[in-house]
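The sequence shown: position 375 = 375 (this note's numbering), numbered continuously. Idealized CB from N, CA, C, for every residue including glycine. Report on the following structure.
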Amino acid sequence: MPGNGEAVTRRTEVRGGEGSAYVLSRGVVVLFAVACGAAVANVYYSQPLLVTMGHDFAMSPALVGSVVTLTHVGYGLGLFLLVPLGDLADRRRLIVAQLLLLVLALAVVAAARTAAVLLVGMAATGLLAVVTQTLVAFAASLAPPAGRGRVVGLVTSGVVVGILLARTASGLIADLAGWRAVYLTSAALTALLALVLYRVLPRHNGAPPTTLRYGQLLRSTIHLFAQERLLRLRALFGLLIFAAFSTLWSGVALPLSEAPYFLSHGAIGALGLIGAVGALAATVAGRLNDRGLSRWTTGTALALLTASWLPLAFTRASLWALVVGVILLDLAVQAVHVTNQTLIYALRPDAGSRLIGGYMVFYSIGSATGALAATSLYTVAGWGAVCVLGAAFSALALLVWACTRD
Numbered sequence: 001m002p003g004n005g006e007a008v009t010r011r012t013e014v015r016g017g018e019g020s021a022y023v024l025s026r027g028v029v030v031l032f033a034v035a036c037g038a039a040v041a042n043v044y045y046s047q048p049l050l051v052t053m054g055h056d057f058a059m060s061p062a063l064v065g066s067v068v069t070l071t072h073v074g075y076g077l078g079l080f081l082l083v084p085l086g087d088l089a090d091r092r093r094l095i096v097a098q099l100l101l102l103v104l105a106l107a108v109v110a111a112a113r114t115a116a117v118l119l120v121g122m123a124a125t126g127l128l129a130v131v132t133q134t135l136v137a138f139a140a141s142l143a144p145p146a147g148r149g150r151v152v153g154l155v156t157s158g159v160v161v162g163i164l165l166a167r168t169a170s171g172l173i174a175d176l177a178g179w180r181a182v183y184l185t186s187a188a189l190t191a192l193l194a195l196v197l198y199r200v201l202p203r204h205n206g207a208p209p210t211t212l213r214y215g216q217l218l219r220s221t222i223h224l225f226a227q228e229r230l231l232r233l234r235a236l237f238g239l240l241i242f243a244a245f246s247t248l249w250s251g252v253a254l255p256l257s258e259a260p261y262f263l264s265h266g267a268i269g270a271l272g273l274i275g276a277v278g279a280l281a282a283t284v285a286g287r288l289n290d291r292g293l294s295r296w297t298t299g300t301a302l303a304l305l306t307a308s309w310l311p312l313a314f315t316r317a318s319l320w321a322l323v324v325g326v327i328l329l330d331l332a333v334q335a336v337h338v339t340n341q342t343l344i345y346a347l348r349p350d351a352g353s354r355l356i357g358g359y360m361v362f363y364s365i366g367s368a369t370g371a372l373a374a375t376s377l378y379t380v381a382g383w384g385a386v387c388v389l390g391a392a393f394s395a396l397a398l399l400v401w402a403c404t405r406d
């Protein structure tokens, strides 16, 4: 019997093979990946800069923490309110417009003179950074059905690199020219990408736009979850794997900043360079999905994810154990993430933006849950308990996979 990925691919081919009129070259796919990475990085630039920002604006620790919180709140709202517009409007124009507005938001952050203006700018930055998901949906719509997994994998590898290198890049730029230079540099890069994408992207969506009105469009996102069992299942996988991912990346700085390591923030941020290996998993997983091996890829990756917490538990004793655990965890998370996006887009190509936007809401919930739980648990019970928590998220996802056939 064919795997679920093969069945979904055949179903998509019957529906018309969207994207066949436009030849999606490797260069354009790489451009999609770069744009995705640059956009999503804006959500994470602030994390190494919080202390400096708080000092400049005389902000209390609680208010400094709200810089990150508001950015993620804005991102969550954008997933629900803006990403579905890709099924309604011309995606090329929508992407360029969002990027130009993102340039404005970044300029507001860089020029902020009060904490209030800074927080408004950060919320707007998060809201508009969801252009990443519109780019993913557009790339998927332009790809031929038989190669969609490969394209989604390559584009997602850009997202992975953007997330993991954002903290390292912002720390380096801030050391050289101050924290405001981080956002000015990003604004310039975003403006350049807007110009290039305007000139390169095709003038059609690849899939016919919906005739729904905006309010109906938002309601239909909820209806899609009620109608599509595979979407619900893959959203659950997304929530659990990113809860595990966030458990690691939100909590690992705590033991590394204490005895016996006492690592600097810059050294801790450099761990992102190791995690970028996960980008390789994104491309490999995409190719496996094109071969109808979605279920096998998911199960193998979830088993690796669960196993990764064993070496991570020995972080205090060995940095090499941490490196091995980070590589395994990031490889596993990105493999499942690419598989999820490939399968859910193929369910309804005409609703691709709504499907991916709705799925990413669960990604945000998982990320927030893992971050909050990891930092709270570390204070009470230490790093070992954090690893147990991450392993529990991972094992639960593996159990769900074992109990289903999708």
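Alpha carbon to alpha carbon, how far is Ala397 from Leu236? Give it in angstroms, no decimals. 8 angstroms
Nearest residue (CA-CA) to Val151, options Cys36, Leu99, Asp330 and Ala276: Nearest C-alpha to Val151 among Cys36, Leu99, Asp330 and Ala276: Cys36.
Do Gly126 and Tyr75 have their CB atoms nearer than 7 angstroms? It is a contact, given that the beta carbons lie within the stated cut-off.
On the three-state DSSP scale, how would you describe Gly3? For Gly3, the predicted structure reports a pLDDT of 44, less than 50, and the residue's modelled location is therefore unreliable. A value from the coordinates is still provided. DSSP places Gly3 in coil when its eight states are reduced to three.
Cβ-based neighbour list, Gly3, same chain, cut-off 8 angstroms, excluding 5 preceding and 5 following: Note that Gly3 scores 44 on pLDDT, short of 50, meaning its location in the model is unreliable; the coordinates nonetheless yield the value given after this. Same-chain partners within the cutoff: Gly292, Leu293, Ser294, Arg295 and Trp296.
Residue interval of the alpha helix (DSSP H) (run including Asp56): Leu50 to Phe57
Work out the CA separation of Ala244 and Leu389 for me, nearest whole Å. Straight-line Cα distance between these residues: approximately 8 angstroms.
Whole angstroms are fine: how far does the CA of Ala58 sit from the CA of Arg180? Looking at the two C-alpha atoms, the distance is approximately 16 angstroms.
If you follow the alpha helix (DSSP H) that Ala124 is in, where does it begin and where does it stop? Counting along the chain, the alpha helix (DSSP H) containing Ala124 begins and ends at Ala115 to Leu128.
Could you tell me whether the stretch 66–85 touches the stretch 182–193, where touching means 3 or more Cβ pairs closer than 8 angstroms? no
Curious, which full-length alpha helix (DSSP H) runs of at least 4 residues does the stretch 281–355 contain? 294–312 and 319–347
Using C-beta distances below 6 angstroms, list every residue in its chain close to Asp175, excluding the 5 sequence neighbours before and after it, in chain order. Here the set comprises nothing.
From Leu331 to Ala282, what distance separates their C-alpha atoms? 8 angstroms
Relative to the C-alpha of Arg354, which residue among Phe262, Gly299, Val400 and Tyr214 is closest? Ranking Phe262, Gly299, Val400 and Tyr214 by Cα distance to Arg354 puts Tyr214 first.
What's the call for Gln341, buried or exposed, on a 16-neighbour Cβ count within 10 Å? buried
Contact belief for Asp87 with Leu217 at Cβ below 8 angstroms, rounded distance in angstroms: 7 angstroms
Could you tell me the alpha carbon to alpha carbon distance between Val130 and Asp56, rounded to whole angstroms? 28 angstroms
I'd like to know whether the C-beta atoms of Tyr408 and Ala110 end up nearer to each other than 7 angstroms. There is simply no residue 408 to check, as the chain begins at 1 and stops at 406 in what is shown.
Compute every distance between the C-beta of Val277 and the non-hydrogen atoms of the ligand COA, then say whether any falls below 6 angstroms. Looking at this structure, you won't find the ligand COA or any other ligand, since it has none at all.
Would you mind working out which of Asp350, Asp90 and Leu328 sits nearest Ser394, comparing C-alpha positions? The shortest C-alpha separation from Ser394 is found at Leu328.
Quick one, which of Gly178, Gly384, Gly162 and Val200 has its alpha-carbon nearest Val51's? Gly178
Within a Cβ cutoff of 6 angstroms, which residues of the same chain sit near Ala187, ignoring the five residues on either side of it in sequence? Val103, Leu106 and Ala107
Between Gln47 and Arg167, which are expected to be in contact by the criterion C-beta below 8 angstroms, what is the C-beta distance as a whole number of angstroms? 6 angstroms
Within this structure, are the beta carbons of Thr247 and Thr298 separated by less than 7 angstroms? no
What is the residue span of the alpha helix (DSSP H) that Gly149 lies within? Arg148 to Ala177
Do the stretch 302–318 and the stretch 130–139 touch if we need at least three Cβ pairs shorter than 8 angstroms? no
Kindly indicate which residue of Thr306, Arg287, Asn42 and Phe262 has the alpha-carbon position closest to the one of Ala124. Asn42
When DSSP labels each residue in this structure, what does Asp87 get in the three-state scheme? Three-state result, Asp87: helix.
As assigned by DSSP and simplified to three states, the class of Cys403: Cys403: coil per DSSP, three-state reduction.
Output the distance between the C-alpha atoms of Leu310 and Trp383, rounded to the nearest integer angstrom. 12 angstroms
Could you check where the alpha helix (DSSP H) with Ser220 kicks off and where it finishes? Tyr214 to Gln227
How many angstroms separate the CA atom of Leu231 from the CA atom of Phe242? 16 angstroms
For Ile95, count neighbouring C-beta atoms within 10 Å of its own C-beta (all shown protein chains included) and say buried if the count is 16 or more, exposed if not. buried
Is the Cβ-Cβ distance between Leu273 and Leu142 less than 7 angstroms? The answer is no: Cβ separation not under 7 angstroms.
Minimum C-alpha distance to Leu256 - residue among Thr114, Val323 and Ala226: The candidate whose alpha carbon is nearest that of Leu256 is Val323.
With H, G and I counted as helix, E and B as strand and the rest as coil, what does DSSP make of Phe262? Residue state for Phe262 is assigned as coil, using DSSP reduced to three classes.
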